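So the sequence shown is numbered by this note's numbering: it starts at 87 and just counts up by one.
Below: one structure, written as structure tokens.
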Amino acid sequence: MKFKKGDVLYWFFAVLPFLISAAFYSRVPDRIAVHWDGAGTANGYGSKAFGLFALPAIMLAASVLVSVMLKLDPRSQNINRSPQMKSISLWFIVILANAMDVLIILNALNVRFNMSMIVMALVGVGIAVIGNYLPKCKFNYTMGIRVPWTLASEENWRKTHRMAGPLWVAGGILIALSGLLSLMWLLYAALILLTVIPIVYSYVISVRENQ
Numbered sequence: 087m088k089f090k091k092g093d094v095l096y097w098f099f100a101v102l103p104f105l106i107s108a109a110f111y112s113r114v115p116d117r118i119a120v121h122w123d124g125a126g127t128a129n130g131y132g133s134k135a136f137g138l139f140a141l142p143a144i145m146l147a148a149s150v151l152v153s154v155m156l157k158l159d160p161r162s163q164n165i166n167r168s169p170q171m172k173s174i175s176l177w178f179i180v181i182l183a184n185a186m187d188v189l190i191i192l193n194a195l196n197v198r199f200n201m202s203m204i205v206m207a208l209v210g211v212g213i214a215v216i217g218n219y220l221p222k223c224k225f226n227y228t229m230g231i232r233v234p235w236t237l238a239s240e241e242n243w244r245k246t247h248r249m250a251g252p253l254w255v256a257g258g259i260l261i262a263l264s265g266l267l268s269l270m271w272l273l274y275a276a277l278i279l280l281t282v283i284p285i286v287y288s289y290v291i292s293v294r295e296n297q
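Right under this line is the structure:
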């Protein structure tokens with residue numbers, strides 16, 4: 087079985103958080119922050135074993151799951167025709183896992199910063215990048231806006247993703263700003279752009295197609 091260099095690199099970064107956590111394990115306190123509120127204040131603590139290895143384990147499981155789903159998708163040929171979206175779907179999880187692991191360790195070492203602000207900014211940038219390529223995402227069952235109406239019609243899928251792309255870029259920017267400016271209403275506005283409008287739009291198209 088041959089492995090591509092890109093695959094080897096991907097899985098190296100997928101397990102890298104475990105290596106980073108192991109390297110700093112002896113340097114962090116026995117109990118560390120594992121949860122933060124919207125203002126970035128720690129409001130949940132756990133053992134350093136849990137704090138350093140639970141998130142990497144969850145993110146690695148997510149990476150494996152997404153990778154398997156992409157390979158087993160009945161429309162895998164369309165996924166291969168959407169290489170940017172495929173790469174983003176995989177790498178977004180890995181990049182976020184590494185960033186979160188480093189942030190948790192820095193926080194445990196008493197480096198002070200607003201955790202929620204940084205995480206929201208990272209997630210927002212990731213969503214904006216996804217939105218940039220969303221209109222090019224071909225019909226499939228793993229990536230993209232998968233609601234009953236887009237999955238029932240390739241034309242509905244095409245129109246919905248073409249419309250939703252700019253909304254996801256705007257929504258990602260709003261999420262990043264909501265963290266940087268600590269304005270929760272921007273997050274709610276972003277959720278409307280990311281979910282409500284595309285779903286309603288897809289439904290309206292479906293109704294019109296069936297008239």
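A virtual CB, placed ideally from N, CA and C, is assigned to each residue, including glycine.
Please read these numbers as outputs of a predicted model, since none were measured by experiment.
With respect to the 8 Å criterion, Ser-202 and Ala-125 are classified as neighbours on the basis of their beta carbons. Sorting Pro-234, Arg-248, Ser-288 by C-alpha distance to the C-alpha of Lys-222 places Arg-248 at the top. Assignment of Asn-226 by DSSP, reduced to helix, strand and coil, places it in the coil class. The criterion of a C-beta distance shorter than 8 Å is not satisfied by Trp-254 and Ala-207. In the DSSP assignment, Trp-254 is bridged to no other residue. For Ser-112, there is no enclosing beta strand (DSSP E), since its DSSP letter is neither H nor E. In the DSSP annotation of this structure, the continuous segment of the alpha helix (DSSP H) that includes Ser-292 starts and ends at 283 to 295. Checking the DSSP bridge columns, you'll see Ser-133 partnered with Arg-117. Where Ser-175 is concerned, the enclosing alpha helix (DSSP H) starts and stops at 169 to 194. Assigned with DSSP and collapsed to three states, Ala-128 falls in strand.
Around the beta-carbon of Ala-194, 16 or more other beta-carbon atoms lie within 10 Å, marking it buried. Straight-line measurement puts the Cα of Val-205 at about 13 Å from the Cα of Ile-259. Nearest Cα to Tyr-287 within the set Leu-273, Ser-268, Ile-231, Ala-256: Ile-231.
According to DSSP, Trp-122 shares a beta bridge with Ala-128.
Cβ neighbours of Ile-283 within its own chain (closer than 7 Å, five residues either side excluded): Leu-253. For Ile-278, there is no enclosing alpha helix (DSSP H), as DSSP marks it with neither H nor E.
Taking a C-beta distance under 8 Å as the contact criterion, Asp-187 and Leu-141 qualify as a contact pair.
Here the alpha carbon of Arg-244 sits roughly 14 Å from the alpha carbon of Tyr-227.
Remark: C-beta atoms of Val-150 and Leu-176 do not approach each other more closely than 8 Å. Separation of Gly-130 and Val-209 (C-alpha to C-alpha, rounded to the nearest whole angstrom) is 21 Å. In this structure, DSSP gives Ile-261 a helical state, which the three-state scheme calls helix.
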